[in-house]
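Below: one structure, written as structure tokens.
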Amino acid sequence: MATAENILQQKAAQSDAPAVPVQPPVPVQSAAPQPDDDSTQSVSDEDAVSGESVNLQRAYSKLNSAIAALFDSLGVRRTATIPHVAGENMTQHLQAIGSVLPAIGGVTANLLTATHTKHDPNGGATIAHPAAKLRSTTIPKNSEPAKAAVAACRNFVNKAAFLLGDDDPTVKIAKSQLDLIGKFGMANMTGFDSGVALLSVPGPLIQAIAKAHSGTKDGGHAPHLRAPRK
Amino acid sequence: MAINDPTAQPLDISALTAPTSGTAGPMPAPNQSAPPAAAMTPGMAAPDVTDRSINPTQPPAGPAGPVPVTGGHSKLAAMVQGLAIGLSAAGTSLGTHGREGGAPEVQQYYANQQAQKHSAAAAQTAQKNAALQQQLLTGEINRQNGQNYILMGTTPDEMNKSHVASQAASMGLQSQAQDMFDTKGQVPAGWSVDPNTGQVFQGQQQTPANGSAPAAASTPGNASTPNLLPGVTPGAPATGTAATGTATPTSGIFVARQNMILDAAGKELQDAKGNDDPLVAAARKIVADPNSTPQQKRQATLAVQNKAGLSADVVKNLTAKADLELKQATAATAGLPKTQSEAAAQLAAAQKSGDRDQIAKAQAVKDAVDKTVQDERQFSSNLQAQNQAANKQLALQNTVVQKAIEDSNKLWTDPQHGFAQTAAQVNATKNIVAQSKNGSELAASLEPAMVVLGVNSFAGVHRISPTEYEAAGPAVGSLYRRLNALLDKAGKGAVPAATLSEVNGIMDSLLRGKYQSALDSTRQEIQNAPGLSPKTYFVPDPNNYGALTSLDKIPVASLATTPTGPDPFAQFGGKRHQQ
Numbered sequence: 001m002a003t004a005e006n007i008l009q010q011k012a013a014q015s016d017a018p019a020v021p022v023q024p025p026v027p028v029q030s031a032a033p034q035p036d037d038d039s040t041q042s043v044s045d046e047d048a049v050s051g052e053s054v055n056l057q058r059a060y061s062k063l064n065s066a067i068a069a070l071f072d073s074l075g076v077r078r079t080a081t082i083p084h085v086a087g088e089n090m091t092q093h094l095q096a097i098g099s100v101l102p103a104i105g106g107v108t109a110n111l112l113t114a115t116h117t118k119h120d121p122n123g124g125a126t127i128a129h130p131a132a133k134l135r136s137t138t139i140p141k142n143s144e145p146a147k148a149a150v151a152a153c154r155n156f157v158n159k160a161a162f163l164l165g166d167d168d169p170t171v172k173i174a175k176s177q178l179d180l181i182g183k184f185g186m187a188n189m190t191g192f193d194s195g196v197a198l199l200s201v202p203g204p205l206i207q208a209i210a211k212a213h214s215g216t217k218d219g220g221h222a223p224h225l226r227a228p229r230k
Numbered sequence: 001m002a003i004n005d006p007t008a009q010p011l012d013i014s015a016l017t018a019p020t021s022g023t024a025g026p027m028p029a030p031n032q033s034a035p036p037a038a039a040m041t042p043g044m045a046a047p048d049v050t051d052r053s054i055n056p057t058q059p060p061a062g063p064a065g066p067v068p069v070t071g072g073h074s075k076l077a078a079m080v081q082g083l084a085i086g087l088s089a090a091g092t093s094l095g096t097h098g099r100e101g102g103a104p105e106v107q108q109y110y111a112n113q114q115a116q117k118h119s120a121a122a123a124q125t126a127q128k129n130a131a132l133q134q135q136l137l138t139g140e141i142n143r144q145n146g147q148n149y150i151l152m153g154t155t156p157d158e159m160n161k162s163h164v165a166s167q168a169a170s171m172g173l174q175s176q177a178q179d180m181f182d183t184k185g186q187v188p189a190g191w192s193v194d195p196n197t198g199q200v201f202q203g204q205q206q207t208p209a210n211g212s213a214p215a216a217a218s219t220p221g222n223a224s225t226p227n228l229l230p231g232v233t234p235g236a237p238a239t240g241t242a243a244t245g246t247a248t249p250t251s252g253i254f255v256a257r258q259n260m261i262l263d264a265a266g267k268e269l270q271d272a273k274g275n276d277d278p279l280v281a282a283a284r285k286i287v288a289d290p291n292s293t294p295q296q297k298r299q300a301t302l303a304v305q306n307k308a309g310l311s312a313d314v315v316k317n318l319t320a321k322a323d324l325e326l327k328q329a330t331a332a333t334a335g336l337p338k339t340q341s342e343a344a345a346q347l348a349a350a351q352k353s354g355d356r357d358q359i360a361k362a363q364a365v366k367d368a369v370d371k372t373v374q375d376e377r378q379f380s381s382n383l384q385a386q387n388q389a390a391n392k393q394l395a396l397q398n399t400v401v402q403k404a405i406e407d408s409n410k411l412w413t414d415p416q417h418g419f420a421q422t423a424a425q426v427n428a429t430k431n432i433v434a435q436s437k438n439g440s441e442l443a444a445s446l447e448p449a450m451v452v453l454g455v456n457s458f459a460g461v462h463r464i465s466p467t468e469y470e471a472a473g474p475a476v477g478s479l480y481r482r483l484n485a486l487l488d489k490a491g492k493g494a495v496p497a498a499t500l501s502e503v504n505g506i507m508d509s510l511l512r513g514k515y516q517s518a519l520d521s522t523r524q525e526i527q528n529a530p531g532l533s534p535k536t537y538f539v540p541d542p543n544n545y546g547a548l549t550s551l552d553k554i555p556v557a558s559l560a561t562t563p564t565g566p567d568p569f570a571q572f573g574g575k576r577h578q579q
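Chains D and Y, in that order, give the protein sequences.
Residue numbers are given in the working numbering: position 106 of the first sequence equals residue 106, and the series is strictly consecutive.
Residue numbers are given in the working numbering: position 455 of the second sequence equals residue 455, and the series is strictly consecutive.
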């Protein structure tokens with residue numbers, strides 16, 4: 001019988017990274033920022049965009065990492081941690097997630113966060129937290145992980161604004177939403193609502209950037225970035 | 001407690017379901033004794049040793065509640081409950097003398113119970129819906145998170161603005177500038193308009209070093225058009241506006257579009273007689289003017305377009321129509337041979353293919369090319385013949401003009417018999433005449449003037465011979481006769497002052513006749529010389545011989561040259577004869 005435990009144990013055997021179906025909550029202290037981690041308040045918003053280019057994938061990975069750390073700090077136990085196995089592509093990783101999810105209540109019973117394989121110090125993983133438990137857990141006042149999660153989201157929004165411009169409608173909406181969410185450090189919000197809010201803000205920005213960048217491809221609107229035709 | 005109170009709790013008769021208990025079983029204590037207040041503080045509270053960890057191997061405990069009534073006791077419980085309800089209703093009715101209670105109260109009780117069940121079911125359904133919505137939201141967020149990663153997988157790891165924004169911004173400015181030109185006929189500073197296409201671009205229009213407009217090189221009919229055959233010039237080279245430096249093409253897609261709009265607007269604005277609106281006529285003039293800028297052409301067209309009320313859709317369709325016509329015109333000439341050799345090659349290829357239609361078409365094209373070449377040759381030959389004839393004519397004209405000028409100038413400036421010399425001599429003679437003491441001196445003083453007037457035999461007693469009268473014509477001849485008569489009358493004796501005055505008058509008349517003679521001859525020669533104009537030829541002024549005036553400003557004298565003023569012959573008893 002393919003239970004969640006069996007599947008995760010199989011993945012653990014394939015990967016160097018530990019795969020634990022139910023991990024204990026990560027202490028707040030263990031979520032300390034990495035040297036290049038700009039997802040916490042230790043990195044100001046002004047420093048988020050300091051060069052000629054930005055790395056959106058890293059910023060989004062750190063946002064997911066910060067949200068997972070917030071959930072862990074609330075005492076909500078993970079239902080699954082599905083690490084990325086070295087060498088597997090995205091399709092294979094999604095298939096692995098699809099195998100695990102039915103055993104832990106399905107995709108509608110768990111809130112998933114995922115870190116990037118390249119930009120996560122641990123090699124990237126998909127983490128599931130129980131949605132029901134998150135809904136019944138509130139964020140206390142002055143929660144440092146909550147502030148770090150908001151800062152990580154603001155970091156991402158600033159990077160997107162650097163590319164799209166501050167006048168872009170999606171940027172304006174995202175900044176307004178983020179100001180609303182992070183006004184009081186998300187105090188008294190449920191863990192589920194905070195996670196949903198922080199994950200929803202970057203969505204339209206990423207779509208706008210992907211749409212704009214698609215114009216650089218053949219038939220797009222930026223011919224100066226295309227290869228010359230013969 | 002009234003049992004018809006909706007808020008009343010139903011009776012708890014669960015104790016009746018216990019097999020070993022009766023209706024007189026022990027009743028639970030209504031209130032448990034509260035702990036002392038000191039025990040409620042955290043410091044005095046007992047340690048919480050409850051194990052709240054989750055044991056996945058054990059199913060969760062069900063919700064706490066009354067023990068369900070099962071088995072045969074359920075019927076008995078229902079009967080006892082119904083009896084109790086009936087007794088309660090009867091008691092209420094007795095106590096209120098029939099105002100309350102009774103059967104209606106019993107019915108109300110059961111209705112309330114049913115409503116409570118419905119409310120509970122509705123609440124349960126709403127709870128399920130809320131849970132379902134939350135599950136859907138969770139699923140949607142998870143899907144969006146995955147999609148975000150997929151979308152970011154389509155972009156580079158490190159992104160800069162040029163990946164998404166720079167070209168879009170540039171295209172936005174271009175679009176705005178083009179829109180400004182199309183709707184207002186203006187362009188922003190630092191932008192220019194291609195006069196051929198009407199395309200707005202950033203920067204200044206490139207002007208060739210020779211000063212001609214850039215588009216002029218591609219204008220049909222220009223000298224750069226390749227010859228149909230070597231040595232044959234298909235057409236005269238473009239002249240005039242191309243070298244002005246500010247010229248714009250009068251053909252091309254931009255002008256074709258403006259003309260198409262003007263044609264459509266012109267039909268809308270025609271009056272009842274079919275006359276063009278003045279604004280349309282003015283706009284057509286501006287569009288056709290090679291010195292007009294593209295902005296001026298566009299503004300003129302916009303004025304007409306607005307006056308005619310053409311909508312944006314109509315203008316768009318007209319523009320598309322103009323483009324289509326130009327494309328069709330271009331396509332119609334595409335693929336046609338440019339020389340006889342090409343036409344022959346196409347015919348040979350068609351004959352080789354064996355396709356009759358293709359052969360017929362190629363033959364027709366070759367015939368047309370041959371005819372065109374023949375026409376060109378004939379045209380060239382005619383042109384050369386015409387040029388030679390024109391050159392001869394021009395040489396003849398030049399000769400005639402030169403002769404006319406020389407002859408006319410001689411009439412006025414010849415040192416022997418010209419008018420200028422005559423006028424000077426006559427003026428000098430008049431001074432000498434006034435000092436003559438007798439007839440001989442008078443005659444001698446007149447001799448130089450007679451010489452310049454053309455009188456050959458004026459000397460001594462012979463005076464002016466009759467031959468000279470005849471040669472001088474009727475007008476001047478009569479003056480000579482009068483002069484002879486005066487001199488004969490004076491003889492060798494003293495000359496009266498009146499005679500001297502009359503002689504001077506005759507001299508003035510002779511000079512005036514000389515002037516009129518020279519003037520008539522000059523007018524005839526100038527009129528007959530091609531290319532010469534009376535406006536540009538100057539002669540002495542008739543009122544002041546020392547000044548010059550153009551020939552056209554001197555009125556033409558009539559043939560009847562009857563002198564006006566007092567008759568000079570009256571003082572001698574004679575009268576003026578008609579001449």
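Where is the CB? At the ideal position from N, CA and C, for every residue including glycine.
With respect to the beta strand (DSSP E) encompassing residue i, which residues constitute its N-terminal and C-terminal limits?
i: Y/L551; result: No beta strand (DSSP E) contains Y/L551, which DSSP labels as neither H nor E.
i: Y/V193; result: 191 to 193
i: Y/D541; result: 538 to 541
i: D/F184; result: Per DSSP, D/F184 belongs to no beta strand (DSSP E) and is neither H nor E.
i: D/H129; result: 125 to 130
i: Y/Q202; result: 200 to 202
Using only the alpha-carbon positions, how far apart do residue i and residue j sit?
i: Y/S550; j: Y/N391; result: 30 angstroms
i: D/K211; j: Y/G146; result: 17 angstroms
i: D/H213; j: D/I67; result: 27 angstroms
i: Y/P555; j: Y/Q386; result: 40 angstroms
i: Y/S381; j: Y/S341; result: 22 angstroms
i: Y/K403; j: Y/Y545; result: 24 angstroms
i: Y/Y109; j: Y/T96; result: 18 angstroms
i: D/T117; j: Y/D313; result: 54 angstroms
i: Y/R482; j: Y/H417; result: 22 angstroms
i: D/L112; j: Y/D179; result: 49 angstroms
i: Y/A281; j: Y/D263; result: 11 angstroms
i: D/P169; j: D/L205; result: 10 angstroms
If I follow the unbroken alpha helix (DSSP H) through residue i, where does it start and stop?
i: Y/T648; result: The requested residue 648 of chain Y does not occur in the structure, where chain Y is confined to residues 1 to 579.
i: D/N142; result: It is not in any alpha helix (DSSP H) - D/N142 carries neither H nor E in the DSSP assignment.
i: Y/M507; result: 497 to 528
i: Y/E376; result: 356 to 413
Residues of chain D with CB closer than 7 angstroms to the CB of residue i, please, in chain order.
i: Y/K161; result: L163
i: Y/G139; result: V107, T108
Anything in chain Y within Cβ reach of residue i, meaning under 9 angstroms, just list it in chain order.
i: D/H213; result: T154, T155, P156, M159, H163, V164
What does residue i reach in chain Y if we use C-beta pairs closer than 8 angstroms?
i: D/A114; result: N145, G146, Y149
i: D/E144; result: The contacting residues do not exist; D/E144 stays about 23 angstroms from chain Y at best.
i: D/S200; result: I141, Q144
i: D/A210; result: L151, M152, T154, T155
Would you mind telling me which residues of chain Y sit closer than 7 angstroms to residue i, beta carbon to beta carbon, in chain order?
i: D/G203; result: Q144, N148
i: D/Q207; result: L151
i: D/N55; result: D157, E158
i: D/E52; result: N160
Can you pull the chain D neighbours of residue i, defined as C-beta to C-beta under 9 angstroms?
i: Y/Q134; result: T108, A131, A132, R135, F192
**Request:** Only counting runs of 4 or more residues, tell me where the alpha helix (DSSP H) segments fall wholly within the region 83 to 112 of chain D, in order along the chain.
**Result:** 90 to 100
**Prompt:** Which whole runs of the alpha helix (DSSP H) in the region 101 to 168 of chain Y are 4 residues long or more, in chain order?
**Reply:** 103 to 152
**Request:** Indicate whether the contact test is met: 3 or more Cβ pairs, each with one atom in the region 61 to 77 of chain D and one in the region 88 to 103 of chain D, closer than 8 angstroms.
**Result:** no
**Asked** In chain order, which continuous runs of the alpha helix (DSSP H) of length 4 or greater are located wholly inside the region 260 to 285 of chain Y?
**Response** none
**Prompt:** Are there three or more Cβ pairs, one per stretch, closer than 8 angstroms when the region 106 to 123 of chain Y is compared with the region 108 to 125 of chain D?
**Reply:** no
**Prompt:** How do the region 100 to 120 of chain D and the region 151 to 171 of chain D stand: do at least 3 beta-carbon pairs fall below 8 angstroms, yes or no?
**Reply:** no
**Message:** Within 8 angstroms, do at least three Cβ pairs link the region 155 to 162 of chain Y to the region 260 to 274 of chain Y?
**Reply:** no
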